[in-house]
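Once you know that position 175 of the sequence shown is 175 in the UniProt record's numbering, the rest is easy, because the numbers rise by one and skip nothing.
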Amino acid sequence: MLREKRRRQEQDVQSEERKETIREQTRERVRRLREKRREELRQAGNDTAHSEGSTSDTTPVFKSRMAKSRALKKTGQALPETPEKKAELLESISSSPQAVDLTLCQWNDGQEYHKLKCLKRECDQWGVEKFPFLPEEISDEVEEHVIWKRYDLLQDYSYHSFMAKWQQNQLDSLIENLPKDEVIHVHDYSKGYSCRQQDELQSEYFDVAKVSLHVIILYRHAVEPVDGNFSTDEEPTIIKKHLFVISDDEVQDFHSVHKA
């Protein structure tokens with residue numbers, strides 16, 4: 001138990017270190033993009049400066065917060081170059097899976113999933129650093145309004161999303177092709193639930209009984225004595241059942257799951 005606890009602690013530390021590295025890489029990338037944008041604005045200011053001595057400083061001066069807010073809204077409406085391009089980019093990252101796709105290699109026709117190497121972030125050509133930023137996000141004018149959070153999840157979400165989709169597809173295939181006299185058993189396990197009475201004595205408060213909860217979903221063919229109809233090869237009828245097992249065994253291992 002101690003060895004397993006120590007191993008989990010080491011994994012948590014490694015995970016946090018990896019996330020912090022990703023955060024730092026993203027901050028550095030945004031910093032470089034902002035410097036590049038400043039240089040472009042500075043160059044544009046130099047090219048359009050008047051002989052009367054107008055300054056090349058492109059940083060706007062706002063008389064009030066309302067004026068600044070209006071200017072920011074106009075900036076958001078004007079960038080990227082056209083509203084169509086902005087709408088296209090915003091639509092492409094409107095959900096988590098679509099946002100992840102922007103950091104992965106493009107799949108070929110007929111390919112159902114991205115390459116496993118790319119999903120595990122082992123690809124040299126693509127990664128989180130390829131995620132596109134909107135011009136508003138790297139603009140100096142809106143820097144104080146942009147809050148970066150949870151973007152580090154893109155690193156692990158690609159493989160997590162793939163596994164969830166792949167497992168669901170496998171389950172759907174098994175249910176659709178379930179052989180006769182066989183069942184599909186999906187088991188979820190939770191432990192550490194405390195059992196308390198509404199009006200318990202003080203002595204019982206310090207001696208709490210704990211149980212583990214086993215949630216089971218069963219898929220099986222229909223049988224006439226129980227379900228009123230019979231599943232056949234020509235017309236299969238799959239019945240879905242839920243089972244809930246409360247056990248006083250708190251140990252989570254192979255034997256506890258199969259005994260339950």
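Yeah, the Cβ is synthetic: ideal placement off N, Cα and C, and Gly gets one too.
As computed with DSSP, residue 36 is found in no beta bridge at all.
Look at residue 230 here: in three-state DSSP terms it is coil, with no helix or strand label. The C-alpha of residue 246 is placed about 46 Å away from the C-alpha of residue 131. Looking at 177, 32, 175, the one whose alpha-carbon comes closest to that of residue 129 is 32. Per DSSP, residue 113 lies in no alpha helix (DSSP H) segment and is marked neither H nor E. For residue 12, the secondary structure class from DSSP, reduced to helix, strand or coil, is helix. Between the region 19–31 and the region 158–171, the count of C-beta pairs closer than 8 Å stays below three; the two stretches do not touch. According to DSSP, residue 209 shares a beta bridge with 195. Approximately 24 Å separates the beta-carbon atoms of residue 173 and residue 189; this is outside 8 Å, ruling out the contact.
CA-to-CA, the gap between residue 106 and residue 119 works out to about 11 Å.
Annotation: residue 133 to residue 187 spans about 41 Å, alpha carbon to alpha carbon. Cβ neighbours of residue 225 within its own chain (closer than 7 Å, five residues either side excluded): none. For residue 165, the enclosing alpha helix (DSSP H) has its first and last residue at 154–176.
The shortest C-alpha to C-alpha distance from residue 178 to any of 237, 27, 34 is the one to 237.
Contact annotation: residue 231 and residue 210 have beta-carbon atoms that are not nearer than 8 Å.
As a beta-bridge residue in DSSP terms, residue 220 pairs with 239.
Residue burial is scored here from C-beta neighbours: residue 244 has fewer than 16 other C-beta atoms within 10 angstroms and is therefore classed as exposed. Per the coordinates, the alpha-carbon of residue 117 lies some 6 Å from the alpha-carbon of residue 123.
Distance between residue 249 and residue 10, taken at the CA atoms: about 27 Å.
For residue 188, the three-state secondary structure derived from DSSP is strand.
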